[in-house]
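Please read the structure below before turning to the comments.
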Amino acid sequence: MEFQDYYELTQLYTEYALAIDSGNWDDWPEFFIDECIYRLQPRENYERGFPLATLAFESKAMLKDRVYGVRETLFHDPYYQRHVVSAPAVRKWQKDRIESEANYAVFRTKLSEPSIVYNVGRYIDVVVRTSEGLKFASRECIYDTEMIPNSIIYPI
Amino acid sequence: MSDEQHIFPEELTWERTDSSRIPFMVYTDEELHKKELERLFYRDHWNYVGLEAEIPNAGDFKRTVVGERSVIMVRDDDGSINVIENVCAHRGMRFCRARHGNRPDFICPYHQWSYSRKGDLQGVPFRRGVKRDGKVQGGMPKDFKPADHNLTKLKVATRGGVVFASFDHDVESLEDYIGPKILAYFDRIFDGRELTILGYNRQRIPGNWKLMQENIKDPYHPGLLHTWFVTFGLWRADNKSEMKIDDHGRHAAMISTRGAAGKAGEVTDVSSFKDGMTLHDPRLVDIVPEDWWGGPTAVMTTIFPNVILQQQVNSVSTRHIQPRGNGEFDFVWTHFGFADDSEEMTRRRLRQANLFGPAGFVSADDGEVIEFSQEGFDSNPSHRTLVELGGREVGDTDHMVTETLIRGMYRYWRKVMEA
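From first to last, the protein sequence lines are chains F and X. For the first sequence, our numbering gives the first residue as 1, with consecutive numbering after it. For the second sequence, our numbering gives the first residue as 1001, with consecutive numbering after it.
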């Protein structure tokens, strides 16, 4: 793998985290190709082979529907979120396709409240090269957090 | 000052003789919570503990909860199911730490007391002492009988693949407990078909456990709080619907048939209705009617005290309520399908699961409103809620513009708690 590819990959990871923590939800689907997979799944289901995910989307269009839900239809307490993501480990590298993974931790801060550890887990990704640079073909967020602190509204 | 208002009353007082105004204190008082655990969970009641499909083989077990007591549901050699309390008879340790697995027996690691799948005490290390220099040292007293020190065994009932347990061995039969009216809706889902487990979602909600029962006994909110329901016609006030309640008032079913989507009449004047909202990917509500529905597109059944049975179009689940003190509960969703589902139907159930659970399009906000209700209660327990929609009485209705099911639950609560 070329250094340039790895540099672009780390940029993708970092830009993704910054985007979903910014509150500009429309940026989120743009990290994905049209025919993509996004899954937020408890580690328990993942390891036991149960297919259920907390959220499971199968297209960029579904991600846009989620954005609409976050902004317009889901009543929730406002909060900030902050992702801290490790450097990605590359599991497989081809010219235009990378399989990689990284650890992540998300902190949640509600108004007038201290920050809490919100969701921790591992990204398992398939990244592909497009004319607009690297995009996710698949991003699975497999989380350790046994009990979700009430709800998850924003993208992980 | 004799008319001094107490924000933190010592006694629970109801504003009316009926159950239409519920004191905040029923959600905030620790002593009442303990009394609820004794009277509504541990005595006279059946509690949901799991599905048979979770433990298909002999020795399979699942650690689960009745009220706030940890129990183990285990498949015995003859295929029957035992439920035993996860507290060692010796030093009271909650010994089983795995949440699922398969074991020939259960051993408390502290002093290696071992128990069979029935919860019978089998082995006590050094029970007869240890021999040294020809002398027996220590050991249990001569009159120690292992049979007196089994794990606490619960009474177990299964129906249609669903497992219930009770610490009270004199509890009525599960069928009498649920009653014929609600049993019909129970059997509608669990008619003996083999179930397939699709997986779990777990959330911790900072509110009183009863609020989740009330949420699913409240047909008023879905068409107001949940934009998806009203906009896509999945659940809203102009749908054909029925509210059914058992004779005690403790269990209920909310039954609804999907009606018009889009704008129609005053039900879509509400601010949560989104005229012109369309999905970028309509597969999220790719609904295919199933024969077993028998008409209604959604039936939400509440079995008191600790489970909700969900059928919302093609998504089916059990939702297990696990209290943690008066101000918090864990909420565990088990999504399932049926063994004869096509691959396509399984995919559909999983896709529609996006609507439910801790991040779901129509469920994430239920946890939120429960949290904020509890905040209101905690700040002034002298006040009360108002559940007078549709009158102050309790009974079945052929519409959803009513809070009768919540009144029914509190009529029952008062009967049991004030006895």
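A virtual CB, placed ideally from N, CA and C, is assigned to each residue, including glycine. Computed from a predicted model, the values in this text were never measured in an experiment.
- Closer than 8 Å to the CB of Phe1361(X) there is at least one CB belonging to chain F.
- Against chain X, the CB of Leu111(F) has no partner CB under 8 Å away; the residue lies outside that interface.
- If the five residues before and after Ala105(F) are omitted, its C-beta is found closer than 7 Å to the C-beta atoms of Val84, Val117 and Val120, all from its own chain and listed in chain order.
- Three or more pairs of CB atoms, one per stretch, sit closer than 8 Å, so the region 119–139 of chain F contacts the region 92–99 of chain F.
- Nearest in C-alpha terms to Arg108(F), of all of Tyr6(F), Leu9(F), Phe3(F) and Gly23(F), is Gly23(F).
- By the C-beta criterion, the region 1055–1067 of chain X is judged not to be in contact with the region 1257–1270 of chain X, since fewer than 3 inter-stretch pairs fall below 8 Å.
- At a beta-carbon threshold of 8 Å, the residues of chain F lying near Arg1204(X) are Met147, Ile148, Pro149 and Asn150, ordered along the chain.
- Per DSSP, the unbroken beta strand (DSSP E) holding Glu99(F) starts and ends at Arg97 to Lys110.
- In the three-state scheme derived from DSSP, where H, G and I count as helix and E and B as strand, Asn1215(X) is classed as helix.
- Taking 8 Å as the CB threshold, Asp26(F) stays off the interface with chain X.
- Asp34(F): not part of any alpha helix (DSSP H); member of the beta strand (DSSP E) spanning Phe32 to Pro42, first to last residue.
- Interface criterion met: the Cβ of Pro1358(X) is under 8 Å from a Cβ in chain F.
- Taking the Cα positions, Gly1050(X) is about 36 Å away from Ser1379(X).
- Listed by position along chain F, the residues whose Cβ is nearer than 8 Å to that of His1335(X) are Leu52.
- At a Cβ-Cβ threshold of 8 Å, Glu1242(X) and Asp1398(X) count as neighbours.
- Counting C-beta atoms within 10 angstroms of its own C-beta, Gly1192(X) has fewer than 16 neighbours from the protein chains shown and is therefore classed as exposed.
- For a cut-off of 8 Å, the C-beta gap from Arg1204(X) to Pro149(F) is around 6 Å, short enough to register as a contact.
- Nearest to His1251(X) by C-alpha distance, out of Val1288(X), Ile1303(X), Arg1348(X) and Asn1239(X), is Ile1303(X).
- A distance below 7 Å between beta-carbons, with the five flanking residues on each side excluded, links Asp26(F) to the following residues of its chain, in chain order: Val67.
- Note on geometry: alpha-carbon atoms of Ile152(F) and Phe136(F) lie some 21 Å from one another.
- Near chain F, meaning a CB-to-CB distance below 7 Å, the residues of the region 1220–1238 of chain X are Leu1225, Thr1227 and Trp1228.
- For Asp1378(X), the enclosing alpha helix (DSSP H) stretches over residues Ala1364 to Ser1379.
- Phe1232(X) places its beta carbon 8 Å or farther from that of Gly69(F).
- At the C-beta level, Thr1334(X) and Ser1317(X) come within 8 Å of one another.
- Chain F has a Cβ within less than 8 Å of the Cβ of His1280(X).
- The beta carbons of Ala53(F) and Arg39(F) sit closer together than 8 Å.
- Identification of chain X residues near Asn103(F) by a Cβ-Cβ cut-off of 8 Å yields none; the smallest Cβ-Cβ distance measures about 21 Å.
- Apart from the 5 residues on each side of it in sequence, Pro1219(X) sits with its Cβ closer than 6 Å to the Cβ of Met1254 and Met1400 in its chain, given in chain order.
- Taking 8 Å as the CB threshold, Tyr1200(X) lines the interface with chain F.
- The C-alpha of His1169(X) lies about 6 Å from the C-alpha of Lys1155(X).
- For Glu35(F), not one C-beta of chain X is nearer than 8 Å to its own C-beta.
- The C-beta distance from Lys60(F) to Phe32(F) rounds to 5 Å, short enough to meet the 8 Å contact threshold.
- Take Thr1227(X), set aside five residues on each side of it, and the residues of its chain with a beta-carbon closer than 6 Å to its own are Ser1272 and Lys1274, in chain order.
- Using a CB distance below 9 Å, the part of the region 54–81 of chain F facing chain X consists of Thr54, Leu55, Ala56, Phe57, Glu58, Ser59, Lys60, Ala61, Met62, Leu63, Lys64, Asp65, Arg66, Tyr68, Gly69, Glu72, Thr73, Leu74, Phe75, His76 and Asp77, ordered along the chain.
- Judged by their CB atoms, Gly1223(X) and Arg1236(X) are nearer to each other than the 8 Å cut-off.
- The region 1074–1090 of chain X and the region 1041–1055 of chain X touch, with no fewer than 3 CB-CB distances between them shorter than 8 Å.
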